[in-house]
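Letter by letter, the sequence shown follows residues 759 to 1614 in this note's numbering.
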Amino acid sequence: MPEFCDVALAVPLDMVFTYRVPADATPVVGGRVLVPFRQQRMTGIVVELHDRKPNVTTKNVISVLDTSAVLDDQLLRLGRWIADYYLAPLGEVFRTMLPLGAEFKRSIGYCITEQGHMALHLAGMSGSPARSQRSLEEQAVEFRVLDYLAAHTSDAEAVLDTAQSVGTPGIATNGKGTASAVPLLAAENPASAAEGRDLVREETLRSATHSSRALLDGMVRKKWIQREDLSAAQDATRTVKIAILKSTEGKLNDNQRNLVDTLAASGGRVPVTTLHSLEVPRTTLGTLVRRGVVEIMEEPANFTVSRSKPRPSPFDFDFNAAQQSALNGLRKSVEGRKFAGILLHGVTGSGKTAVYLAGMRAVLDAGRSAILLVPEIGLTPAVAADLFQIFGDEVAILHSALSNKERAEQWHRIKRGDARMVVGTRSAVFAPVADLALIIVDEEHDASYKQEETPRYHARDIAVMRAKMANAVVVLGSATPSLESYFNATKNKYALVELPDRVEDRPLPEVEIVDMRQEFQETGHEQVISRKLAAEIKDRLDRKEQVMVLLNRRGYSPVVLCRTCGKKLECNNCAIALTHHKREHRMVCHYCGYTAPVPKACVHCGSEYVYFLGTGSEKLEELLHGLFPQARIARLDRDTVRGHEDFERTLNALNEGDLDLVVGTQMIAKGHDIHGVTLVGVVGADVALGLPDFRAAERTFQLLTQVAGRAGRGQSPGKVILQTYFQDHYAVQYAARHDFTGFYEKELRFRSWMHYPPYSALANVLVRSGKLDDALRWSGLLGKWFDATRHEGVRVLGPAAAPIVKLKRDYRYHFVLKSPSREKLNTTLRAMLAHAAKQKIPRTQVIVDVDALWLM
Ligand SMILES: [Zn+2]
Ligand SMILES: [Zn+2]
């Protein structure tokens, strides 16, 4: 048995830590261990077992949590690649890859101190209490506590969980999927895990410890510990179902009756957690299980499946020739069992999803696994319903609304091989499937695939790398592929497959541009809704057709300006103007959530001449109500949509014809298939063109194309009215002509001149601090170092104030690094981080964002 193990811990340090393997434990590479780190205990992933004695003294592993790897060789390798490519600490990468945080929680434990041992010892020697002024009863309690802690001390500490008892008997014995949980608990608190009767003693002890804290002063130490939350991990997965209702009459006590009635009232099937809110002891459920009255069973994800009408299955209609050929190519690649990349470029409404699902079905039939990645907002309950219809229990759905517990349970289902079709947002790319055959990235251009915290990975790029490691096929699909992906396809890194037509020969919508500068000249004042758009909306409403209007800015007014001193009302934490939200009657920062009262006078000079300028989606909705008082109007943005259900409700209402008009931010542009919408209005979608960001044109083109794609998906053809102040801008012109390749070629020339991706690898290095002095000094130090050191083939721009110079109380300065060679860029960044460490700049204050999507 090797003597040492190297452990990756989720701390912001670019290293692994060596621990001594205890004699009675066997860690595995890719498995978790509990180790002491500074003043706490942490779980980490074992990355190597070895006999190389380190120069420093090593601490022991406290306990081995997994007897088999939770990250297999391929995922370990992928994690190392991510840590290297994105310059992220390996432990933080693994934490992202492994959504098992819920299985551990921090709680308070107690351990006996030297003084406590001494008191016990003295009491034992003299046979009399150590402090005679205490009552006998108090002393008895005190010694019971010390005795217990002393008896359960291994590794010089015993742990007493005060948060919750160690699980409900009856549930705890139902062990499927929790086998790995038990060893930790046993190591932590052998008595309570092994036998239920120790729970009573623990209860006694707990109250004793609380009530006599003063007594125990100095003899017992309180300590934060990290431990496995066994009951929580189980609850998430289990549903209670009434198994036998006969013979229960008259034989149940009140608590049991209450529970059974609740079950019956809910149709005989509820999640275990629901029963916990009943005022009955937790043991009641266990008793009923033992008596066979109820049964606890595992269920697939508790995802709210859409209540809307069943939609036609993707297999109910015939594939057109292009779809069929795309599917054939995909299946052939999968059968080849070699890495292959496919860029599926299909116009909006061309039936890409049907191709994905048919491809996945083929993988499932072959007994292998597939992962489908979707953007954040793409995973509605309606999509979930489709997936269950096609894949049944074989599908695991990972979405942002899952709690940590639910996420952990889905992870276990996938790991056990119970679910081989995985559908989810960004982090689903790490799903622990076996025999991976296919990864599909839907809407591959979508910015939600990029994680904006450490590790700052891009799920699309991880999908490609993972497919390479697994000899699998990766499909990137979009109507507006990212410049990078399309460039790779033209360089034959991916096969390019086109779906040039909409299904059932429906035409793409006609797009008409309205020049808002001219509108201003002709009407004499600033318009939000042009005369043309208003007329077209009225026409559609008269014909009982539906309309969507996009304004990619939420709130009522984005700016509050003082006409006397000229200052704006800004957030206290950020260099950002506060947005007026009329309904909530607040000023809100869209970056940090800070709110302030609506000002009656200027906060800077006291003047009463404060003006509310500009239009957000809330005001647009109000204006439309004013123009079309008879219309049924709803709004979709982050203020009206708190969860997938809100989103779904509005889309359903639109689908059912209960709404005439929907106003919204980019949320309305994404992938929805509403057949009644024949008109899309775009109000100020070119706001982004004014931003200092080299991706502004690409983002605008994508947004305009995607939102235009919502029109005319049913029997009637669609139309788009595009209001803009930049009518000559190529992003607007090409979007209006549905000309992706035209845009692509133009944008590519610009990227080439400016040495931007895909011609250069790019990284944004952000230096931040709550103290302006530190931010300036640190960025100055790094700036000097960049100047003094030769970095052949790497351009360094900066330091410069970041476009948003203050964000969430941090002052921010940045560098932009560009290089045609990824290796050289990586080497320079690594050397820069080493220099920053030498200069004692905290690692958390230097953010390295490789392939940054935002330079703000
Ligand atoms: Zn003022
Ligand atoms: Zn703010």
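All residues carry an ideal CB built from backbone N, CA and C; glycine is no exception.
Give the straight-line distance between the Cα atoms of Val-1141 and Ala-1455, rounded to the nearest whole angstrom. 30 angstroms
Three-state secondary structure (DSSP) of Pro-1624: Because the chain in this structure spans residues 759 to 1614, residue 1624 falls outside the shown range and cannot be described.
Environment of ligand 1 in chain order, Cβ to heavy atom below 6 angstroms: Cys-1320, Thr-1322, Cys-1323, Lys-1325, Cys-1360, His-1362, Cys-1363 and Ser-1365
Beta-carbon within less than 7 angstroms of Asn-1330's beta-carbon, same chain only, minus the 5 sequence neighbours each way: which residues are those? Tyr-1352
What residue ranges within the segment 1426-1492 form continuous beta strand (DSSP E) runs of no fewer than 3 residues, ordered along the chain? 1435-1441 and 1477-1482
Across the segment 1479-1486 and the segment 1515-1522, are there enough close Cβ pairs to call them in contact, namely three or more that are closer than 8 angstroms? no
Closer than 6 angstroms by C-beta to Ser-1236: which residues in its own chain qualify, once you throw out the five before and the five after it? Chain order, please. Glu-1201, Glu-1202 and His-1203
The alpha helix (DSSP H) enclosing Ser-1091, as first and last residue numbers: 1079-1093
Report yes or no: do three or more beta-carbon pairs, one from the segment 1206-1220 and one from the segment 1168-1177, lie closer than 8 angstroms? no
Comparing the CB of Ile-1562 with every heavy atom of ligand 2, is any distance shorter than 7 angstroms? no
Asp-1531 in three-state terms, based on DSSP: helix
What number of angstroms, rounded off, separates the C-alpha of Gln-1388 from the C-alpha of Val-1113? 41 angstroms
In terms of alpha-carbon separation, which member of Glu-1406, Ala-1558, Glu-1303 and His-1339 lies closest to Glu-1376? His-1339
Can you list, in chain order, the residues of its chain with a C-beta nearer than 8 angstroms to that of Val-769? Leave out the 5 residues immediately preceding and following it. Phe-795, Met-800, Pro-847, Gly-849 and Glu-850
I'd like the span of the beta strand (DSSP E) that includes Arg-778, first residue to last. 775-778
Under 7 angstroms from any heavy atom of ligand 2, does the C-beta of Tyr-1569 make it? no
Unbroken beta strand (DSSP E) run spanning Gln-798, endpoints: 798-808
Taking DSSP as the reference, what is the three-state secondary structure of Arg-1312? coil
Heavy atom of ligand 2 less than 7 angstroms from the Cβ of His-1331, yes or no? The sequence given here places Asn at residue 1331; His does not occur at that position. Answer for Asn-1331: yes, Cβ within range of ligand 2.
Distance between Glu-1284 and Val-1441 (C-alpha atoms, nearest Å): 13 angstroms
Taking 7 angstroms as the cut-off, is the beta-carbon of Tyr-1349 closer than that to any non-hydrogen atom of ligand 2? yes
For His-1339, which of helix, strand or coil comes out of DSSP? strand
When the Cβ atoms of the segment 1522-1539 are set against those of the segment 1486-1502, are three or more pairs found closer than 8 angstroms? no
How many Å lie between Val-1018 and Leu-1036 at the Cα? 11 angstroms
If we count Cβ pairs, one from each stretch, closer than 8 angstroms, do we get three or more for the segment 1216-1234 versus the segment 1183-1192? yes
Does DSSP classify Asp-782 as helix, strand or coil? coil
In terms of alpha-carbon separation, which member of Leu-1254, Phe-901 and Cys-1323 lies closest to Gly-1364? Cys-1323
For Leu-1145, tell me which candidate among Thr-1111, Asp-1123 and Trp-1169 has the shortest Cα-Cα distance. Thr-1111
First through last residue of the beta strand (DSSP E) which encompasses Ser-1236: 1231-1236
Would Ile-1129 and Val-1092 qualify as a contact pair, given that the criterion is a beta-carbon distance under 8 angstroms? no
What's the gap between the Cα of Glu-960 and the Cα of Val-786? Residue placement at Glu-960 is poorly supported in this model, since its pLDDT is 46, which falls under 50; the coordinates still yield a value, given next. For Glu-960 and Val-786, the distance between alpha carbons rounds to 32 angstroms.
Using 8 angstroms as the threshold, is the C-beta distance between Val-1272 and Leu-1291 below it? yes
Given this structure, state the Cα-to-Cα distance separating Tyr-777 from Arg-1089, to the nearest angstrom. 47 angstroms
In the DSSP assignment, what residue or residues form a beta bridge with Arg-1526? Arg-1570
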